[in-house]
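Each residue of the sequence shown is one higher than the one before, counting from 805 in my numbering.
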Amino acid sequence: MDYDTYGSNAVELAIDLANADRDADPGWAEAFLRAHDEWFTLETPLELSPAEARRAAATADLVRAVAVAATQDEVITRLNELLALARPHPYATDHDGELHLHYARPDAPALEQLTTTVAMGLSQVVAQHGWQRLGVCSAEGCDDVYVDTSRNASRRYCSNTCASRSTVAAYRARRKT
Ligand SMILES: [Zn+2]
Ligand SMILES: [Zn+2]
């Protein structure tokens with residue numbers, strides 16, 4: 805499928821955020837920002853207050869809600885809740901050598917850059933390619949969400965790991981019967 809590059813990368817950021825493990829580490833939100841620091845302007849402080857970390861969690865919940873929504877009406881409602889948190893301020897840059905657009909202003913706080921990029925990236929992909937491109941992993945014991953970038957929209961798993969785990973499980977189940 806033919807994504808605009810930035811939109812495509814931004815939706816991956818949204819998916820990563822929705823799948824972030826929040827139970828293991830109370831500092832998960834800051835750890836997430838550090839693991840994805842290429843998304844933030846160089847001088848952006850990546851420390852989050854507890855209130856900001858809760859807002860990052862709310863954003864993650866909304867991305868997940870969009871991905872698991874079963875109807876277009878629900879997708880629209882959830883997307884609009886997410887977009888209401890965004891502060892879009894388009895900004896042209898070539899920080900990586902290629903001229904491209906960012907959705908958030910470069911001097912915005914980390915949480916604003918995160919929320920805006922995630923909300924705009926996700927909405928862009930849904931509007932251009934359809935909300936059916938988002939889904940939740942079919943593997944047993946995994947409820948991670950994914951964006952399906954395959955040409956024929958045939959993806960069912962969050963990762964190759966889950967896909968091969970399920971193939972092996974199905975093979976064993978067949979052999980047993
Ligand atoms: Zn960039
Ligand atoms: Zn999975």
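Ideal placement from N, C-alpha and C gives every residue a C-beta, glycine not left out.
Owing to the predicted nature of the structure, the values given are computational and were not obtained by experimental measurement.
To the nearest angstrom, how far is the alpha carbon of residue i from that of residue j?
i    : j    : result
D841 : T863 : 18 Å
W935 : Y950 : 11 Å
P894 : A974 : 47 Å
D982 : C962 : Here the chain covers residues 805 to 981 and nothing more, so residue 982 does not appear.
L926 : C946 : 22 Å
A977 : D898 : 52 Å
E834 : L852 : 6 Å
R868 : P849 : 26 Å
T965 : A828 : 21 Å
A923 : V972 : 36 Å
K980 : S942 : 21 Å
D865 : A822 : 6 Å
M805 : W832 : Residue placement at M805 is flagged as unreliable, the pLDDT there being 41, under the threshold of 50; a coordinate-derived value is accordingly withheld.
F836 : D877 : 30 Å
S931 : A839 : Reading off the sequence, residue 931 comes out as Ala, not Ser. For A931 and A839, the distance between alpha carbons rounds to 28 Å.
D948 : L938 : 11 Å
V929 : E816 : 10 Å
R959 : H933 : 14 Å
S968 : T875 : 29 Å
E847 : D900 : 15 Å
D820 : P854 : 20 Å
T845 : N884 : 26 Å
Looking at ligand 1, does it come within less than 8 Å of residue i, judged from the CB to the closest heavy atom?
i    : result
D947 : no
D900 : yes
H840 : no
H983 : Nothing can be reported for residue 983, as the shown portion of the chain is limited to 805 through 981.
Between residue i and residue j, how many whole angstroms is the CB-CB distance? I'm expecting something under 8 Å.
i    : j    : result
L886 : V870 : 7 Å
E916 : R891 : 5 Å
V940 : V879 : Contact doesn't hold; Cβ gap of about 13 Å is too wide.
L889 : A896 : That belief does not hold up - the Cβ atoms of L889 and A896 are roughly 23 Å apart, past 8 Å.
Pick from the options: whose alpha carbon is nearest that of residue i?
i    : options                : result
E944 : P913, S970, G831, I819 : S970
A814 : T921, E902, A860, A855 : T921
P830 : R858, E847, E878       : R858
W843 : A908, A822, N884, A967 : A908
E856 : N884, A818, T919, G901 : T919
A818 : P854, S968, L903, A861 : A861
Give a single yes or no on whether residue i has its beta carbon closer than 8 Å to a heavy atom of ligand 2.
i    : result
S963 : yes
A943 : yes
Answer yes or no: the CB of residue i versus the heavy atoms of ligand 4, is any distance below 8 Å?
i    : result
T863 : As presented, the structure is devoid of ligand 4, carrying ligand 1 and ligand 2 as its sole ligands.
- Item | At least three beta-carbon pairs within less than 8 Å, the region 941 to 961 to the region 898 to 914 | The region 941 to 961, when compared against the region 898 to 914, does not touch it at the 8 Å Cβ threshold.
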